[in-house]
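Novice:
2 protein chains.
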Amino acid sequence: MSIKQQRRGTGSATISDVARLAGFSPMTVSRVINGGGNVKESTRDAINAAIKELNYSPNPAARSLAGVEPIRIGLLYSNPSAAYLSEVLVGSLDRASRIDVQLVVARCEPPENYREAAEHLLERGVHGLILTSPLCDLQEVVDVVTEGDQPVVALAGGKPSDDLITINVDDFEAAHAMTKHLIGLGHRRIGFIIGSPIQAASGRRLEGYRAALAEAGIPADEKLIEQGHFTYRSGLAAADKLMDLAVPPTAVFASNDDMAAAVVAVAHRRGLDVPNDLTVCGFDDTAFASSIWPELTTIRQPIAEMARTAVDMLTDEILAHRAGKSLPREHRIAAFELIKRQSDAPPKNSR
Amino acid sequence: MSIKQQRRGTGSATISDVARLAGFSPMTVSRVINGGGNVKESTRDAINAAIKELNYSPNPAARSLAGVEPIRIGLLYSNPSAAYLSEVLVGSLDRASRIDVQLVVARCEPPENYREAAEHLLERGVHGLILTSPLCDLQEVVDVVTEGDQPVVALAGGKPSDDLITINVDDFEAAHAMTKHLIGLGHRRIGFIIGSPIQAASGRRLEGYRAALAEAGIPADEKLIEQGHFTYRSGLAAADKLMDLAVPPTAVFASNDDMAAAVVAVAHRRGLDVPNDLTVCGFDDTAFASSIWPELTTIRQPIAEMARTAVDMLTDEILAHRAGKSLPREHRIAAFELIKRQSDAPPKNSR
DNA sequence: TTTGTAAAAGTTAGCGCTAACATGCACGCA
DNA sequence: TGCGTGCATGTTAGCGCTAACTTTTACAAA
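Chains as they are written, first to last, in the working numbering: chain E, 232 to 582; chain S, 232 to 582.
1) Suppose you measure from the CA of E/G459 to the CA of S/L473; what does that come to, to the nearest Å?
2) Against E/Y287, what residues of chain S qualify as contacts under a CB-to-CB distance less than 7 Å, listed in chain order?
3) Could you pull out every residue in the same chain whose Cβ sits closer than 6 Å to the Cβ of E/D515, ignoring the five residues on either side in sequence?
4) Could you check what DSSP says for S/E583 in three-state terms: helix, strand or coil?
5) Would you decide whether E/N290 is buried or exposed? Buried here means 16 or more other CB atoms lie within 10 Å of its CB.
6) Which whole-angstrom value is the C-beta distance of E/E340 and E/S317, which I expect to be below 8 Å?
7) Would you call E/I203 buried or exposed, if buried means 16 or more other Cβ atoms sit within 10 Å of its Cβ?
8) Can you pull the DSSP bridge partners for S/C339?
9) For S/E404, collect the residues of the same chain with a Cβ closer than 8 Å to its Cβ; drop the 5 residues on either side in sequence, then sort them by chain order.
10) Can you tell me which residues form a DSSP beta bridge with S/A538?
11) What does S/F519 pair with, by DSSP beta-bridge criteria?
12) Which residues share a DSSP beta bridge with S/T546?
13) Between the C-alpha atoms of S/G268 and S/N279, what's the straight-line distance to the nearest angstrom?
14) For S/N399, count neighbouring C-beta atoms within 10 Å of its own C-beta (all shown protein chains included) and say buried if the count is 16 or more, exposed if not.
15) Identify, in the order they occur along the chain, each residue of the same chain with its Cβ nearer than 6 Å to the Cβ of S/Q573, setting aside the five sequence neighbours on each side.
16) Applying a beta-carbon distance threshold of less than 7 Å, which residues of chain E neighbour S/L455?
17) Express the C-alpha separation of S/A431 and S/G388 in angstroms, rounding to a whole number.
18) Quick one: is E/Y440 near chain S, going by C-beta distance under 8 Å?
19) Give me the Cα-Cα distance between S/R275 and S/M258, rounded to the nearest whole angstrom.
20) Interface residues of chain E around S/S364 at Cβ under 9 Å?
21) Cutting at 6 Å between CB atoms, please list the residues of its own chain near S/N580, excluding the five before and the five after it.
22) Going by C-alpha to C-alpha distance, which of E/T528, E/A292, E/T377, E/V299 sits closest to E/F484?
23) Is it a yes or a no for the region 441-451 of chain E touching the region 372-392 of chain E, going by three-plus beta-carbon pairs under 8 Å?
24) Inspect the beta-carbon positions of E/A576 and E/P533 and report whether they are closer than 8 Å.
25) Let me know the alpha helix (DSSP H) ranges lying completely inside the region 242-310 of chain E, each 4 residues or longer, listed in chain order.
26) Taking the Cβ atom as the reference point for each residue, do E/G359 and E/V383 lie within a distance shorter than 8 Å?
27) For S/T540, I'd like the list of residues in its chain whose CB is within less than 7 Å of its CB, leaving aside the five on either flank, ordered along the chain.
28) If we count the other Cβ atoms within 10 Å of its Cβ and call it buried at 16 or more, is E/A518 buried or exposed?
29) Work out the CA separation of S/V511 and S/S427 for me, nearest whole Å.
30) For E/I424, does the count of other Cβ atoms within 10 angstroms reach 16, so buried, or fall short, so exposed?
31) Kindly identify the DSSP beta-bridge partner or partners of E/L362.
32) Whose CA, out of E/A477, E/E446, E/L476, E/S465, lies closest to the CA of E/V494?
33) Can you check whether the CB of E/V542 is closer than 8 Å to the CB of E/V321?
34) Quick one: using the 10 Å Cβ neighbour count with 16 as the cut-off for buried, is E/G298 buried or exposed?
35) Please determine, among E/P479, E/E350, E/G434, E/T546, the residue with the shortest C-alpha to C-alpha distance to E/H407.
36) Hey, could you find the ends of the beta strand (DSSP E) E/L395 is sitting in?
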């Protein structure tokens with residue numbers, strides 16, 4: 232007796248296996264998978280059960296060969312805050328390749344060419360877009376990309392709205408937690424450097440800071456709050472002003488790492504030791520945070536994870552759209568993490 | 232008369248179109264494409280001509296469906312010098328997706344888990360590996376990944392050898408050019424901070440520096456040369472030593488941007504203006520270079536382009552390997568660029 | 001000339017999936 | 001009873017490619 236050798240095949244389950252197990256034809260299975268209509272509820276359930284049992288997932292090559300247009304997602308970035316970008320890329324690529332979605336990455340530098348870059352992507356036929364920070368906070372950019380009817384995800388930024396799916400950490404809670412951490416160390420005069428006013432997160436971070444102070448019963452001192460623009464240079468200026476105060480802060484919480492690094496630079500220039508004379512902490516956990524010395528205590532956003540989520544959500548939207556349905560725009564909140572490094576310590580006088 | 236509507240199909244040429252045009256069967260075309268043997272020279276030429284004329288390229292989905300194992304390339308990185316990483320990713324992904332090669336990205340942090348990470352990739356069935364800096368300079372890592380018979384490309388680092396394909400800028404020429412630039416500005420006492428001794432590029436950069444000085448007839452002063460480790464912290468120490476010299480340098484050329492940033496920090500701490508009191512320049516053009524102030528004059532390696540090349544070379548190797556042939560290990564040199572920003576100026580006394 | 005043999009080419013079938021069409025069936029209405 | 005109507009499912013064929021097998025051709029040895 233000869234066992235017929237399978238000539239090819241990956242060994243994993245096929246749509247026919249599922250069909251056989253469920254007792255229907257492959258076509259019906261296909262309909263269930265692709266959200267097609269006209270399938271009885273009980274049939275759908277039986278097929279889904281079979282899919283689960285066989286741990287089946289459709290072969291993307293066969294699918295695309297059979298004429299289904301593969302899902303393409305555009306990723307628009309600018310301002311290579313490089314650590315951020317690489318996390319975005321690693322996360323989104325990882326997920327995209329796993330679920331066989333094409334990712335088209337494009338750089339754009341507002342205000343010059345954002346329109347062009349966006350149109351370029353749309354021409355390439357993308358079915359959805361991911362907008363990374365700080366693009367999501369530029370209203371013109373958002374307007375351009377939401378003109379069409381492709382779904383758009385704003386990653387770490389952007390105002391939740393009906394046009395935009397957003398994925399963010401809770402900036403308020405994160406800033407609140409960091410401020411509370413500083414208060415816990417014994418600090419009472421805590422300087423704050425606000426981020427760029429055009430980014431929505433800046434305001435939320437400021438409020439988190441204020442709220443933590445208020446909760447601890449520490450009176451707000453507006454002189455301790457300086458405006459910055461998320462740049463190193465703006466951090467230098469803000470830090471100088473803070474350190475020139477009659478009673479300077481014992482800790483400075485900057486709204487991002489670039490500005491925090493600038494605070495460290497200013498402190499050093501003035502002969503202050505970080506963290507013993509001045510505690511400094513940042514936000515974002517970019518490469519900066521761990522490449523300067525001392526390394527910064529900061530807030531980490533799970534960017535890679537958020538990027539993965541972005542790809543998933545877009546894909547769901549696109550599939551729903553293809554099936555003629557429509558999903559409500561979701562607004563996800565991801566969990567942040569307070570990364571404690573070497574730039575924070577109790578204030579001097581409290582020891 | 233009814234024109235039969237094509238139900239599906241992408242519209243682009245298929246292997247049958249090529250076969251028809253060339254006057255052979257699709258199978259023979261397939262053989263030509265896949266480097267199979269037993270095709271007459273004249274046939275091969277005719278088919279290649281037809282391929283060119285129709286601008287044909289095989290449909291990857293159909294190919295993979297027909298059972299050809301898709302090419303998978305592993306990319307190993309560590310030490311997220313993030314700008315570098317993002318360039319590597321953008322470049323390699325761009326090319327990989329265009330030629331339909333799968334890229335499997337993995338992080339590894341020697342000395343803990345490099346073996347594990349490498350083995351993990353190999354288990355995932357990658358057919359070739361890209362090793363990014365600084366991994367390519369760790370002999371243990373290189374040993375592990377070259378154990379098998381997959382081809383390995385060292386990107387921006389590594390010693391050219393029979394085991395390793397390398398892609399580098401000419402570190403000697405680049406350091407030479409930068410030093411010459413400084414001499415051209417009028418500097419005569421130029422400090423140099425050497426990179427990590429374990430990376431081969433460090434030595435080549437030092438030699439470039441020495442050669443440029445020698446050419447200009449400037450006597451070498453060993454006190455102006457300090458050892459560093461490519462880290463910010465090592466840059467701080469080296470800069471302090473240089474600035475403590477009886478006759479300190481008027482310019483410092485650090486072997487990477489992190490150390491150059493540290494030199495700027497030390498200068499500021501000592502009340503020196505950059506570039507008016509001290510010229511500082513770096514190497515690599517990482518994010519650091521343009522996020523601190525003043526922005527660094529530095530050497531840019533075309534990392535994205537080099538990454539693209541890496542993917543191409545590996546793919547060629549893998550295809551050659553599959554066809555039973557073997558290509559010699561190549562060692563490519565890419566063109567660097569001297570990026571002039573705001574951290575260099577003529578020395579004070581020369582004005 | 002016949003035959004053997006290897007090189008060069010062609011044929012067949014099938015990878016897994018889905019579009020288009022076909023069918024079956026229940027239900028309501030004339 | 002017959003007949004449309006619409007839902008639920010099945011059948012057929014083909015997407016583009018290549019593995020495995022078969023056939024043809026070229027050419028040398030018998």
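Using N, Cα and C, we set each Cβ at its ideal position, and we do this for glycine too.
Specialist: So, from the data block:
1) Between E/G459 and S/L473, the C-alpha separation is close to 34 Å.
2) By Cβ distance, chain S contributes nothing, its closest Cβ being about 17 Å from E/Y287, past 7 Å.
3) N487, D488
4) Only positions 232 to 582 of chain S appear in the structure, and residue 583 of chain S is not among them; the question remains open.
5) It counts as buried.
6) Wrong, their Cβ atoms sit about 18 Å apart, outside the cutoff.
7) The displayed coordinates of chain E run from 232 to 582. Any statement about residue 203 of chain E would go beyond what the structure contains.
8) Within the DSSP bridge table, the entry for S/C339 names no partner.
9) G439, F567
10) In DSSP, S/A538 forms no bridge with anything.
11) DSSP lists no partner for S/F519.
12) Beta-bridge pairing links S/T546 to no other residue.
13) 15 Å
14) buried
15) P525, E526
16) Near S/L455 there are no residues of chain E at all, since even the closest Cβ is about 24 Å away, more than 7 Å.
17) The alpha-carbon atoms of S/G388 and S/A431 are separated by roughly 7 Å.
18) Closer than 8 Å: no.
19) CA-to-CA, the gap between S/R275 and S/M258 works out to about 12 Å.
20) The contacting residues do not exist; S/S364 stays about 14 Å from chain E at best.
21) none
22) E/T528
23) no
24) No, the Cβ-Cβ distance between E/A576 and E/P533 is not below 8 Å.
25) 246-253, 257-264, 272-285, 291-296
26) Taking 8 Å as the Cβ cut-off, E/G359 and E/V383 qualify as a contacting pair.
27) I398, R563
28) buried
29) 19 Å
30) buried
31) E/L307, E/A385
32) E/S465
33) no
34) exposed
35) Ranked by how close their Cα comes to the Cα of E/H407, the residues E/P479, E/E350, E/G434, E/T546 have E/G434 in first place.
36) For E/L395, the uninterrupted beta strand (DSSP E) run begins and ends at 395-400, by DSSP.
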